[in-house]
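*Asks:*
Protein chains in written order, with our numbering: chain A, 55 to 306; chain B, -17 to 245.
#1: Where does the unbroken beta strand (DSSP E) through residue 130 of chain A begin, and where does it stop?
#2: Could you tell me the distance, in whole angstroms, from the CA atom of residue 237 of chain A to the CA atom of residue 155 of chain A?
#3: Please state whether DSSP places residue 6 of chain B in a helix, a strand or coil.
#4: Taking 9 Å as the CB-CB limit, is residue 18 of chain B close to chain A?
#5: Using a Cβ-Cβ cut-off of less than 8 Å, list which residues of the segment 194 to 219 of chain A approach chain B; keep chain order.
#6: Once the 5 residues before and after residue 280 of chain A are set aside, which same chain residues still bring their CB inside 6 Å of it?
#7: Express the C-alpha separation of residue -10 of chain B and residue 192 of chain B in angstroms, rounding to a whole number.
#8: Just the chain A side, please: which residues come within less than 9 Å of residue 132 of chain B by C-beta, in chain order?
#9: For residue 159 of chain B, count the other beta carbons within 10 Å of its own beta carbon; 16 or more makes it buried, fewer makes it exposed. Which is it?
#10: Out of curiosity, what's the CA-to-CA distance linking residue 242 of chain B and residue 142 of chain B?
#11: Among the residues of its own chain, which have a CB less than 7 Å from the CB of residue 200 of chain B, if the five just before and after it don't count?
#12: Is DSSP giving residue 263 of chain A helix, strand or coil here?
#13: Looking at C-alpha atoms only, which residue of A/203, A/263, A/240 is the closest neighbour of residue 66 of chain B?
#14: Answer with buried or exposed for residue 157 of chain A, where buried requires no fewer than 16 other C-beta atoms within 10 angstroms of its C-beta.
#15: Could one say the Cβ of residue 303 of chain A lies closer than 9 Å to chain B's Cβ atoms, at least one of them?
#16: At what residue ranges does the segment 126 to 151 of chain B contain a whole run of the beta strand (DSSP E), taking only runs of 3 or more?
#17: Could you give the DSSP three-state label for residue 60 of chain B: helix, strand or coil?
#18: Would you please verify whether the beta carbon of residue 188 of chain A is less than 9 Å from any beta carbon of chain B?
#19: Of all the CB atoms in chain A, is at least one closer than 9 Å to the CB of residue 71 of chain B?
#20: Please return the same chain residues whose Cβ sits closer than 6 Å to the Cβ of residue 131 of chain A, not counting the five positions on each side in sequence.
#21: Between the segment 79 to 91 of chain B and chain A, which residues of the former have a C-beta closer than 8 Å to a C-beta of the latter?
#22: Let me know the secondary structure DSSP gives residue 118 of chain B once reduced to three states.
#23: Answer with yes or no whether the minimum CB distance from residue 297 of chain A to chain B is below 9 Å.
#24: Given that residue 300 of chain A touches chain B, what residues does it touch there, using C-beta distances under 8 Å?
#25: Which one or two residues does DSSP pair with residue 156 of chain A in a beta bridge?
#26: With H, G and I counted as helix, E and B as strand and the rest as coil, what does DSSP make of residue 78 of chain B?
#27: Under the rule that 16 or more other beta-carbon atoms within 10 Å means buried, what is residue 285 of chain A, buried or exposed?
#28: Should residue 93 of chain A go down as buried or exposed, given a rule of 16 or more other Cβ atoms within 10 Å for buried?
#29: State the Cα-Cα distance for the pair residue 288 of chain A and residue 231 of chain A, rounded to the nearest angstrom.
#30: Give a yes or no on whether 9 Å exceeds the smallest Cβ distance from residue 271 of chain A to chain B.
#31: In chain A, which residues lie less than 8 Å from residue 34 of chain B when you measure between Cβ atoms?
#32: What separation, rounded to the nearest whole angstrom, lies between the Cα atoms of residue 388 of chain A and residue 126 of chain A?
#33: Check whether the segment 125 to 137 of chain B touches the segment 65 to 83 of chain B, counting contact only when three or more Cβ pairs, one atom from each stretch, lie closer than 8 Å.
#34: Counting Cβ pairs closer than 8 Å, one from the segment 12 to 20 of chain B and one from the segment 160 to 174 of chain B, do we hit at least three?
#35: Give a yes or no on contact between the segment 112 to 128 of chain A and the segment 212 to 225 of chain A, applying the rule of three or more CB pairs nearer than 8 Å.
#36: List, in order along the chain, the chain A residues whose C-beta lies closer than 8 Å to that of residue 58 of chain B?
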């Protein structure tokens, strides 16, 4: 384990110690860790946590897929036609500062309670970083690289796979990773308000029932799943786009 | 001997501005290195792109090694000053890119790539590195190796020395001279440093502000490609001599840098 990872783990241990100290001081909003652990095991055994976790993951998957598709469908013509890019740029910059959660009531009005509003909110939240990643990626395709490829007789297929995609993908993947993170953030928030399953719904339901141990169990599950997804995507990014990390480090 | 570069009445406009005005020249195959000098933005790189076939001249024609330039060709690869090699490919994949475009099987192209890297003095372990892990000089050598891999007739280099320190400039100059002799390749090199042009080129094409270009034969110098010469007073006298000869072009040459300091 690297020094950085050890420090990461140490930070979590410190958090647990602080938690325990607050419980000892009689803080009402914090249940004992033993209770959280007990309820977490119970929820895992009953399968409730698994069902809710899968429901949230399904919504994130669908929302992220929609966001990626829309971002790609807009980024390609924007890269090819500057006029379209400027037209779209204004709309996107206007929409981007609006927190996705502000759209939750509208999404519930439009789609009712269930999967659809949550997926719509995830798609909206994940879209902007994905769009920015793709937009930046296409801007990074250098004319000199294309000219060099052309002068070696590269056909359209080689230019796409050996020049354009390697230029775009590091930025696009970075945007994708941030989009998944934001999507996860959005799904939990959307489920808090307008869903009848999912981890956010679990938090809401158990807090209304004043079941603090189960509420925290759901919070822990949200944190762990989000961290695992981010860690997984980060390590893929680090391995697949190692050259990009090295190039950035070289520029600095 | 036949002529390797023939430009006939070549003119080019860029956004209504005349960049090249009726350039005609013939360069003998026995004089394989042409340097193109002139102030920034005067049209040196435009000429290089015309030779590469990346842009079509407004009028006139160019023939390189008997082939009329009508578009890009692997026989005339370009080596750029920067953003030249692909940062996402390892050294060996960069060097063999042209061969990949030609459909050469992976094993064969790696074999040829390794041979070239060894010839250019690159350590074997460097083939798995990415360009960002190399020094400026090594990157230039990878760019050269990539160009050489496709057995070109003419290598077009845009400011190949500008990112290099004095020592590396010398090494690259020597390599270009050696490659020109051993591989029978022609070089067209755009540079803003007259001393590089002076010690490397057989002919120097000087661009002036009025879009005219003049060819100066550089072959009269004694051992113009000798590394030793650049660091001697004789060598410096050669540069001064060339400067005086070019005075009529009204091109203000930069002060010799590494060469002058070493005299």
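Glycine is no exception: its CB is placed at the ideal position from the N, C-alpha and C atoms.
*Replies:* Working from what's here:
#1: Start at 1 with the first residue of the first chain, and residue 130 of chain A comes out as number 76. Careful: residue 130 of chain A lies outside any beta strand (DSSP E), inside the alpha helix (DSSP H) at 102 to 134.
#2: If you number the first chain from 1, residue 237 of chain A lands on position 183. If you number the first chain from 1, residue 155 of chain A lands on position 101. Each residue's CA atom was taken as its position, placing residue 237 of chain A and residue 155 of chain A some 11 Å apart.
#3: Taking the second chain and counting its residues from 1, one reaches residue 6 of chain B at position 24. Three-state DSSP puts residue 6 of chain B in a strand.
#4: Mapped onto the second chain, residue 18 of chain B falls at position 36. By this cut-off, residue 18 of chain B is not an interface position.
#5: Cβ contacts with chain B come from 196, 198, 199, 201, 202, 203, 204, 205, 206, 207, 208, 209, 212, 216, 217.
#6: Your numbering for residue 280 of chain A matches position 226 in the first chain. Within the same chain, residue 280 of chain A has close Cβ partners 238.
#7: Here residue 192 of chain B refers to the residue found at position 210 of the second chain. Here residue -10 of chain B refers to the residue found at position 8 of the second chain. Straight-line Cα distance between these residues: approximately 19 Å.
#8: For this step, residue 132 of chain B is matched to residue 150 along the second chain. Within chain A, the residues near residue 132 of chain B are 206, 207.
#9: Locating residue 159 of chain B in the second chain gives position 177, counting from the first residue. The residue is buried, with at least 16 neighbouring Cβ atoms inside 10 Å.
#10: Here residue 242 of chain B corresponds to residue number 260 of the second chain, with the count starting at 1. Here residue 142 of chain B corresponds to residue number 160 of the second chain, with the count starting at 1. Its pLDDT being 36, under 50, residue 242 of chain B is placed unreliably in this model, and the coordinates cannot settle the point.
#11: Here the question's residue 200 of chain B lines up with position 218 in the second chain. Here the set comprises 180, 183, 184, 185, 186, 206.
#12: Position 209 of the first chain holds residue 263 of chain A. Reduced to three states, the DSSP call for residue 263 of chain A is coil.
#13: By 1-based counting over the second chain, the position of residue 66 of chain B is 84. Comparing Cα-Cα distances from residue 66 of chain B to each of A/203, A/263, A/240, the minimum goes to A/203.
#14: Here residue 157 of chain A refers to the residue found at position 103 when the first chain is read from its first residue. Counting Cβ neighbours within 10 Å, residue 157 of chain A comes out buried, since at least 16 surround it.
#15: Along the first chain, one-based indexing puts residue 303 of chain A at 249. Interface residue, yes.
#16: 136 to 140
#17: As a first step, residue 60 of chain B is located in the second chain; it is residue number 78 there, counting from the start. If DSSP states are grouped into helix, strand and coil, residue 60 of chain B belongs with the strands.
#18: Residue numbering aside, residue 188 of chain A sits at position 134 when the first chain is read from its first letter. It does not; no Cβ of chain B falls within 9 Å.
#19: Counting from 1 along the second chain, the entry for residue 71 of chain B is found at position 89. It does; some Cβ of chain A falls within 9 Å.
#20: Counting from one through the first chain, the residue named residue 131 of chain A turns up at place 77. Answer for residue 131 of chain A: 138, listed in chain order.
#21: 79, 80, 82, 83, 84
#22: Counting from 1 along the second chain, the entry for residue 118 of chain B is found at position 136. Correct three-state label for residue 118 of chain B: helix.
#23: Position 243 of the first chain, counting from 1, holds the residue named residue 297 of chain A. Yes, because at least one Cβ of chain B sits closer than 9 Å to the Cβ of residue 297 of chain A.
#24: Locating residue 300 of chain A in the first chain gives position 246, where the first residue counts as 1. Simply 112, 114, 115.
#25: Residue mapping note: residue 156 of chain A aligns to position 102 of the first chain, counting from 1. For residue 156 of chain A, which the question treats as bridged, DSSP gives no partner whatsoever.
#26: Residue mapping note: residue 78 of chain B aligns to position 96 of the second chain, counting from 1. Correct three-state label for residue 78 of chain B: coil.
#27: For the purposes of this step, residue 285 of chain A is taken as the residue at position 231 of the first chain. Residue 285 of chain A is exposed by the Cβ-count criterion.
#28: Taking the first residue of the first chain as 1, we reach residue 93 of chain A at position 39. So residue 93 of chain A ends up on the buried side.
#29: Here residue 288 of chain A refers to the residue found at position 234 of the first chain. Here residue 231 of chain A refers to the residue found at position 177 of the first chain. So the two alpha carbons sit approximately 7 Å from each other.
#30: Within the first chain, residue 271 of chain A is the residue found at index 217, counting from 1. No - not a single Cβ of chain B is within 9 Å of the one on residue 271 of chain A.
#31: Mapped onto the second chain, residue 34 of chain B falls at position 52. Chain A residues near residue 34 of chain B: 201, 205.
#32: With chain A represented from 55 up to 306, any question about residue 388 of chain A goes unanswered, as that position is not in the structure.
#33: These segments touch.
#34: yes
#35: With a cut-off of 8 Å, the segment 212 to 225 of chain A and the segment 112 to 128 of chain A do not count as touching, because too few Cβ pairs lie within range.
#36: Residue numbering aside, residue 58 of chain B sits at position 76 when the second chain is read from its first letter. Residues of chain A passing the Cβ test: 205.
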